[in-house]
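Below is one structure, written out as structure tokens; comments come after it.
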Amino acid sequence: MMPKDHSLESRARIEKDCQGKSCRVICDQDLLALADILNVPLHQMYLQSMEKGILPLRYLRNMPSITLKEQIILQTSQVAVVGAGGLGGRIIEGLSRLGVGTLHIFDPDFFDETNLNRQIFADQNTLGTSKVEVMQECCRLINPAVRITAHRIAVKDQNQDALFADVQVIVDALDTPDDRLTLAAIAGKCRLPLVHGTVAGFGGRVMVIHPLDGRMEMLYGGQETACSAEHQLGTPVLSPALIASFQMMAVLNLLLGKNQATDSRMIYADLEKPSLDLFEL
Amino acid sequence: MKIEVRLFASLAPYANHGDMDSDGCLSFKTPATIRDAIQRLGVPEQEIKLVFLNGVGASLDSSLKDRDRVGIFPPIGGG
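Chains as they are written, first to last, in numbering that gives the first Met the number 0: chain A, 0 to 280; chain B, 0 to 78.
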């Protein structure tokens, strides 16, 4: 009897991408089996496969908008998402599907009924459970090649910068001005870009804040006299879904260095009008 | 001069003002600043966080010229 071939090549097959171009692909089941047989961590197995030019089938529909070379960059990238609410949940889910290799996620909260209107992992079964722990578990099922470190803590202290030592991008998915200012200070200290997003009503804002550029202070600094718009308009599901997508695009641009990754203009999108505007701050 | 004034998020209802034309513009016969524009619409200054003139950050004291576009935002912080 022939010995079984445990090479990636032996498990690969040819598929056509949406442009009809042939490419070698491998399915999750084979990657899981090979990782087990060869005693290689799963995320390494995915990386080895892509480096041999064999695309995990799960990424076939990303092509050619996200190329094989870019999937490799994503697999070796680390991103921190701070806040796992309306924006954060969708961003964590999306970055998992995109194949960002390592995610560090932060939120001290547990799901409650007021989250059910918009937060993607809030449901009857998860009420009362830790948001980041639920997301870690769900996203492991969505994409086992993504390693998720769940931190059930608030980021409230500028001295927490060691938590961000290995990441390339930080995502601001918080909901209080003070925490956002602290996070911007940490990002500045770590010299990391910060992808800011926020929502109110049917609209929201996205902006890449570069280290120590002082623009988070423009958004949230000073004594606040006015009621913040989300307290007057609420936050129905449409705006977090939209703004989270813009934030994920900014993360992709930063990680892949494309599409004007250095563009730091403020995007404001309003679904109700609808309108989309760019502002320089 | 005609000035386009856009009021975003929770400030949008202030645009429902008799002085605004159907294009969302205010008309001024004398020189004016952004502050003059928002005072005419009755927007309380303490509700304003960001001010833009032709898409670039500005202040309430910025002078206006014909066909300028003004954008006004309240604080926004939901997540």
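Glycine included, every Cβ here is placed at the ideal spot set by N, Cα and C.
Anything in chain C within Cβ reach of residue i, meaning under 7 Å, just list it in chain order.
i       : result
R204(A) : In the structure shown, chain C cannot be found, because the protein chains are A and B.
Do residue i and residue j have their C-beta atoms within less than 8 Å of each other?
i       : j       : result
V154(A) : T197(A) : no
E229(A) : G70(B)  : no
P210(A) : R190(A) : yes
V236(A) : A172(A) : no
G203(A) : S238(A) : yes
L30(A)  : S48(A)  : yes
A144(A) : L41(A)  : yes
M215(A) : S263(A) : no
F278(A) : G23(B)  : no
G78(B)  : L280(A) : no
H5(A)   : I25(A)  : no
L7(A)   : K51(A)  : yes
Taking 8 Å as the limit between beta carbons, can you name the residues of its chain near residue i, skipping five residues before and five after?
i       : result
M19(B)  : V4, L25, L40
N38(A)  : none
E309(A) : This structure cannot speak to residue 309(A), because chain A is shown only from 0 to 280.
L10(B)  : V42, E46, I47, I71, F72, P73
With residue i as the anchor, note down where its alpha helix (DSSP H) starts and where it stops.
i       : result
Q74(A)  : 67-74
H230(A) : 228-232
E303(A) : One cannot answer for residue 303(A) here, as it falls past the ends of chain A, which runs 0 to 280.
S61(B)  : Neither: S61(B) is in no alpha helix (DSSP H) and is coded neither H nor E.
A199(A) : No alpha helix (DSSP H) holds A199(A); the beta strand (DSSP E) holding it covers 193-199.
D178(A) : 176-188
G203(A) : Careful: G203(A) lies outside any alpha helix (DSSP H), inside the beta strand (DSSP E) at 202-208.
May I ask which residues mark the beginning and end of the beta strand (DSSP E) holding residue i?
i       : result
T148(A) : 146-150
V69(B)  : 68-72
T101(A) : 101-105
R264(A) : Run containing R264(A): none; DSSP gives neither H nor E here.
C24(B)  : 24-26
D276(A) : 274-278
G127(A) : G127(A) -> no beta strand (DSSP E), and no H or E assigned at all.
D27(A)  : Careful: D27(A) lies outside any beta strand (DSSP E), inside the alpha helix (DSSP H) at 27-37.
For residue i, I'd like the list of residues in its chain whose CB is within less than 6 Å of its CB, leaving aside the five on either flank, ordered along the chain.
i       : result
F120(A) : G88, V133, M134, C137
K188(A) : D160
A199(A) : A228, E229, L232
Using CA atoms only, rank isn't needed, just tell me which of the options is closest to residue i.
i       : options                            : result
I283(A) : N258(A), S263(A), E271(A), L275(A) : Residue coverage of chain A in this structure runs from 0 to 280, which leaves residue 283(A) outside it and unanswerable.
A14(B)  : V42(B), T32(B), F27(B), D35(B)     : V42(B)
L49(B)  : L6(B), R66(B), T29(B), F27(B)      : L6(B)
E69(A)  : P273(A), V250(A), E271(A)          : V250(A)
L102(A) : F245(A), I147(A), S129(A)          : I147(A)
Leaving aside the five residues before and after residue i along the sequence, list all residues of the same chain whose C-beta is less than 7 Å from its C-beta, in chain order.
i       : result
N116(A) : P235, V236
F52(B)  : For the sequence presented, residue 52(B) should be read as Leu rather than Phe. Same-chain partners within the cutoff: I33, S61, D67, V69.
L126(A) : F110, D111, E112
L254(A) : I72, L73, S76, Q167, V168
Residues of the segment 247-271 of chain A in Cβ contact with chain B at a cutoff of 8 Å, in chain order, please. Hits within the stretch, in order: Y267, D269.
Please name the residues in the segment 144-166 of chain A whose beta-carbon is closer than 8 Å to at least one beta-carbon of chain B, in chain order. Within the segment 144-166 of chain A, not one residue has a Cβ closer than 8 Å to any Cβ of chain B.
Closer than 9 Å between beta carbons: that is the criterion. Which residues of the segment 2-35 of chain A meet it against chain B? Cβ contacts with chain B come from no residue of the segment 2-35 of chain A.
Contact residues within the segment 226-239 of chain A, judged by C-beta distance below 7 Å to chain B: Going along the segment 226-239 of chain A in chain order, one finds S227, A228, E229, Q231, L232, T234 with a Cβ nearer than 7 Å to chain B.
Listed in chain order, which residues of the segment 177-207 of chain A have Cβ atoms closer than 7 Å to some Cβ of chain B? From the segment 177-207 of chain A, only T197, V198, A199, G200, G202, R204 have a Cβ closer than 7 Å to chain B.
Name, going along the chain, the residues of the segment 107-118 of chain A whose beta-carbon falls closer than 7 Å to a beta-carbon of chain B. So nothing in the stretch comes that close.
Along the segment 44-62 of chain B, what residues have a CB closer than 8 Å to any CB found in chain A? Answer set for the segment 44-62 of chain B: Q45, E46, I47, K48, L49, F51, G54, V55, G56.
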